[in-house]
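Here is the structure we will look at, set down as structure tokens.
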């Protein structure tokens with residue numbers, strides 16, 4: 010069972026301060042992966058409490074805390090030819106994801122799974138795989154990484170987007 014925090018779901022403007030990285034884990038069974046973290050270098054007014062923003066998003070996505078096994082979090086990943094988005098529980102909006110590329114999109118559609126990690130420590134947008142790997146190891150070891158496996162489904166056409 011996941012630990013629940015009393016935090017609100019973030020509104021779309023707050024999502025502009027997140028860095029989202031996608032890659033393919035080429036292990037024995039290739040996996041489409043996604044990391045969400047707070048981008049301390051994002052422009053505009055920063056949220057007052059980045060940790061509250063991240064915990065609200067983790068709650069909305071149904072992710073497990075770093076000390077618990079990763080959970081399957083349901084059909085919250087929308088993958089279309091035009092966009093990738095996460096349904097994080099907001100009643101009006103989806104969180105759009107920077108274009109992950111055709112291989113990632115195809116793998117997520119074939120496997121119908123995306124492995125989602127959300128780190129509670131800052132990570133600038135555009136970080137490379139070496140930085141991401143070190144970040145994942147560090148936040149996992151300190152219990153500051155939330156995880157889950159999202160099921161890919163068809164997009165919800167009537168819902169707005171944050172970007």
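Residue numbers (the numbering used here): 10 to 172. For glycine and all other residues, C-beta sits at the position ideal for the given N, C-alpha and C.
For this session: Along the beta strand (DSSP E) that carries residue 48, what are the first and last residues, could you check?
Result: It is not in any beta strand (DSSP E) - residue 48 carries neither H nor E in the DSSP assignment.
Problem set entry | Separation of residue 140 from residue 168, as counted between CA atoms | Note that residue 168 has pLDDT 46, beneath the 50 cutoff, so the model's placement of it is unreliable and the number below is only indicative. Rounded to the nearest angstrom, the two C-alpha atoms are 34 Å apart.
Exercise. With a cut-off of 8 Å, do at least 3 Cβ pairs link the stretch 148–155 to the stretch 86–101?
Worked result: no
Problem set entry | Stretch-stretch touch, CB-based, cutoff 8 Å, three pairs: the stretch 97–104 with the stretch 127–147 | no
Exercise. Would residue 108 be called buried (16 or more neighbouring beta carbons within 10 Å of its own) or exposed?
Worked result: exposed
For this session: Identify whether residue 151 lies in helix, strand or coil by the three-state DSSP scheme.
Result: coil
Exercise. Quick one: what's got a C-beta closer than 7 Å to residue 187's C-beta in the same chain, skipping five residues either side?
Worked result: Given a span of 10 to 172 for the chain in the structure shown, any question on residue 187 remains unanswerable.
Exercise. Grouping DSSP H, G and I as helix and E and B as strand, with all else coil, what is residue 119?
Worked result: helix
Problem set entry | Cut-off 6 Å between Cβ atoms - residues of its own chain near residue 134, not counting five sequence neighbours on either side | 28, 48
For this session: Could you pull out every residue in the same chain whose Cβ sits closer than 8 Å to the Cβ of residue 1, ignoring the five residues on either side in sequence?
Result: An answer regarding residue 1 cannot be provided, because it is not within the stretch 10 to 172 covered by the chain.
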